[in-house]
Each structure stands twice: as structure tokens, then as C-alpha cells.
Amino acid sequence: MRNLITKGFLEYIICLLGITIFLIGGTRVSFADKVGDESSKEFSKRYDNSGGAKEDDGEEGVEGGGEGGEGDEGSHNAGRNCLTSGCHSGSGEEHFSIGGTIYTDADGTDAMSGVKIKVIDTNGSIIKLTSDQLGNFYTQKSVSAPFTITVSYQGRKVKMPTKASDGGCNASGCHVAGSAGRIFINTNDLDLSGTVTESSSDGGTSEISYNSDIKSILDAKCISCHQSGGVKSDVPLTTYSEVTNSRLVTPGSADSLLIRKLNKDLSEGTMWNNLNSTSEYDKIKNWIVVYNAQESSSSQGSAGAAISGAKVRLSQYGRIKYRTTTDSTGAFVLGKVKAGEYTLKISKKGYKLYTQTYQMNQSNVASLEITLDKKQ
Ligand code: HEC
1 MRNLITKGFL EYIICLLGIT IFLIGGTRVS FADKVGDESS KEFSKRYDNS
51 GGAKEDDGEE GVEGGGEGGE GDEGSHNAGR NCLTSGCHSG SGEEHFSIGG
101 TIYTDADGTD AMSGVKIKVI DTNGSIIKLT SDQLGNFYTQ KSVSAPFTIT
151 VSYQGRKVKM PTKASDGGCN ASGCHVAGSA GRIFINTNDL DLSGTVTESS
201 SDGGTSEISY NSDIKSILDA KCISCHQSGG VKSDVPLTTY SEVTNSRLVT
251 PGSADSLLIR KLNKDLSEGT MWNNLNSTSE YDKIKNWIVV YNAQESSSSQ
301 GSAGAAISGA KVRLSQYGRI KYRTTTDSTG AFVLGKVKAG EYTLKISKKG
351 YKLYTQTYQM NQSNVASLEI TLDKKQ
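Residues 1 to 376, numbered by the working numbering, are exactly what the sequence shown covers, in order.
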């Protein structure tokens, strides 16, 4: 008897449960039919937007460029200034803090997708972006200028030589053809050539001279912008007389414009970012303050005898990436060097080791003229 009651009671409960489950299930199905579709679309849209995140091992949040195509809010207007009124400026939902387009060359011939863009804002926050099919990249994150920007693609890495004061990379006067040119990352590796000669200053003194110390720094870090007819600055820094122009250099004076422009502690020191080396700053400063006065009164000696068989090495993160030896005329060529920052070392028995940081550009790679001092 007790068993029967229990059994009946159980069946009753199970039946009720069944009905309830059926009802709930039915409601859910019809709910999903109507609403589920849209919400899952919304979900996949959001998901797609952060698609690049995993590849990027992002320290901060990552946003890829939009997926493009599909919705009417896809990526569009490649090459135009995103941060202009009526577009992605102002306080609206579609406000961008940084936006731009990256190409294969400065003329903007072809857009490049899959390029990584790393932005460090003035507070040190890092944002990593990936360019989409149209070459566009953008973020809505709140960031503060100036920005340090590096772009990289398949092991090639290029750092913007100066800090960007604004997030609108394609704004007029910035990365448009005719001004700074398009943002691009070149897939052609360029040759780096040069000659190595003996220092003409008799004996290896600790004197700093234009030929043996200063020219190579300026060639490596400055003349890509500073050459006559240069698109970015019309103040050339390619020869001794250009560099020691009285506007730039007052022999013996630490107040020379060339020093002030490189002094990171001065607001005027906007060129520090291109130099970015305290030892090179000290060299240039000492050259002007201590040595240049003597140099300009004595004749600028021409470079000495060619040094053959000198070892030339370019290394990155402590590893030698390119190496060669100078020929009988002291000339060398390092073939197809990828853009990026390197340490250049040149050595030869009987001479002091020559070492400097070298920024390999994607264009305007000047031939280096290096002099080695004899060991005493
Ligand atoms: C990315 C391009 C670029 C590079 C690289 C660069 N400069 Fe400049 N430089 C400029 C521009 C643009 C100006 C003018 C705006 C300014 O003064 O900030 C300028 C101005 C100067 C001036 C002031 C010229 C004058 O007559 O007012 C000096 C001096 C100078 N740069 C030195 C250097 C030195 C030294 C280096 C290398 C360590 C260097 N620059 C690297 C673009 C560059």
C-alpha cells in the first residue's frame, strides 16, 4: 500500500515536471527564434572586433581593425582622416582616439593588412592594433598624446622617428602623400654600404672630431630628414659646413641650437627622440663645446688611408644579424638589411673598436663613412 501511494505520487510529480519542462522549453525555443538571432549576431560582431587579441599577446586590450564588408559600420574610407568632425571625432559612440591606414610605400600604392601597430601613450599605456583588409587600424580607447608608435610586419619593425602629437594619422599635413607620406612598411630590404678609413688625426687621442665621431651619428639618425630638398626639414646636416653653420653651432657654446634641439630636458629638445642616446648626445655636445673650436681653426683634414679587412657587424639584441669585411678600398656592403635598430661594430687589429647604434631606415640609406683610430 505504501509503495503504491508513493508510486502514484511520484508519477504525478514526474508528470507535472514534464509539463513544466515542456512549457519552459517551448518558451525558450520561441524566444530564441525571435531574439536569439540578433543577439548572436551582435555577439559575433563584438567577437570579431577583438579577433587579433590572441596573436598579439597584448599587454593591454587589443582591438583589430573592423571586419569590414558585412554591416554598414565596416571598415571604410581608407586613407582619409578618421578623426575629423562628422566622422570619428567628438564624443559620440564611434569616437576614435587613434586611426590611420598603412600601405606598402609612401605613395600609398597598396594597403597592407595584418600589420601590427604598437602605440605607447604618454602615460605608458600600450595599445596594440592590427591593420584590416583596407589597411585601416583604429581604437576607441582613451589615450593621451604624444604617442610613440612602432609598426611591425613579419619580423620587420619600424619606429616612428618622432612622437606623434595626434591620433589622426591621416590628417592633412601628416601621413598623406606630399607631406610626411603614407604610413608604410617596406618589404624590400635595402643594402647598407660604407667605407672604413684610418683616422687622419695623428695618433689616437681622445679628441672628438666631426669626421671620426659626429658625421656617422648624423648620417645614421638625422639625414633621412635633414638633407637638402628633404621633405621633413630643409635644414641639411650632411656636410661639415652645413652642420657647423653659425645658426646651429657656436663653437665652444653649450647654448648652440644643435645641442638645445637634442637636449631631452628642454621643451625645445624635439630631436632627442631621433638621437635617443646619452653617449651620442655627450659626444656631440663635447665636440661643440670642447673640440669644435680647435677643429674649425685647423683645416678639416680629409679621411686617411683605406682600411681593408676590417670586420663589420650589425647586431640586434646582442646577436649578429649581418656581417662582412671591407675590401682593399675599405668599402663594404651589407646586403638586404631589414629596417630596424642595430648596433654597428667595426673592428680591425691595431685599431680601436668602433661602435654605434644604427637605425636602418626603409629609404634614404646613406653610405657610411667611418674612420678608425689607431691604438697607441
Ligand atoms: C623624422 C625626421 C627628422 C629626423 C630623423 C631628425 N629631424 Fe631634426 N627636424 C625635423 C623637423 C621636421 C624639424 C623642424 C621642426 C622642429 O624644429 O622641431 C627639425 C628641426 C631640427 C633642428 C632645428 C633646425 C632649425 O634651423 O631650426 C635641428 C638642429 C635638428 N632638427 C637636428 C636634428 C638632429 C641632430 C637629428 C638627428 C639626431 C635630427 N634632427 C633628426 C625632422 C627630423
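Every residue gets a Cβ at the ideal spot worked out from N, C-alpha and C, and that includes glycine.
With contacts defined by Cβ atoms closer than 8 Å, K345 and T325 do not form a contacting pair. Between the stretch 277-288 and the stretch 162-182 there are fewer than three C-beta pairs closer than 8 Å, too few to call the two in contact. In this structure, Y342 lies away from L372, with their beta-carbon atoms at least 8 Å apart.
Per the coordinates, the alpha-carbon of Y322 lies some 39 Å from the alpha-carbon of R80.
When only Cα atoms are considered, K261 and G74 end up about 43 Å apart. Remark: C-beta atoms of Y354 and A220 do not approach each other more closely than 8 Å. Using a cutoff of 7 Å, the CB of H175 does not count as near ligand 1, since none of the ligand's heavy atoms is closer than that.
At least one heavy atom of ligand 1 sits closer than 7 Å to the Cβ of K261. Three or more beta-carbon pairs separated by less than 8 Å are not found between the stretch 327-335 and the stretch 141-155, which leaves the two stretches without contact. The DSSP-derived three-state label of V312 is strand. Within 10 angstroms of the beta-carbon of D191 lie fewer than 16 other beta-carbons, which makes it exposed. Q376 sits exposed, since fewer than 16 C-beta atoms from the chains shown fall within 10 Å of its C-beta.
For K348, the number of other beta carbons within 10 angstroms of its own is at least 16, and it is reported as buried. Residue nearest to T244 within the set N188, S308, Y210, K264 is Y210 (criterion: CA-CA distance). At least 8 Å separates the beta-carbon of M112 from that of I127. Looking only at Y351, K338, C82, the smallest Cα-Cα distance to E94 is reached by C82. If you look at A220, you'll find it in the alpha helix (DSSP H) that goes 215-221. Taking each of Q356, I370, G340 in turn and checking the Cα distance to D189, the smallest one comes out for G340. Comparing C-alpha distances from K338 to each of Q154, I98, I307 shows the shortest one belongs to Q154. Annotation for T329: A306 place their beta carbon closer than 6 Å to its own, counting only its chain and skipping 5 residues before and after. By the 16-neighbour rule on beta-carbons within 10 angstroms, K118 is buried. With a cutoff of 7 Å, P161 counts as near ligand 1, since its C-beta is closer than that to a heavy atom of the ligand. DSSP places T329 in no alpha helix (DSSP H); its state is neither H nor E. Taken atom to atom, the span from the alpha-carbon of S144 to that of S199 is near 47 Å. In this chain, the beta strand (DSSP E) harbouring I98 covers 98-103.
Closest in alpha carbon position to P236, among P251, A254, S253, L258, is L258. Counting only the Cα atoms, R156 lies some 38 Å from D255.
The closest heavy atom of ligand 1 lies less than 7 Å from the beta carbon of T270.
Closer than 7 Å to some heavy atom of ligand 1: that describes the Cβ of H226. At the C-beta level, Q140 and S89 stay beyond 8 Å of one another.
In the three-state scheme derived from DSSP, where H, G and I count as helix and E and B as strand, I284 is classed as helix.
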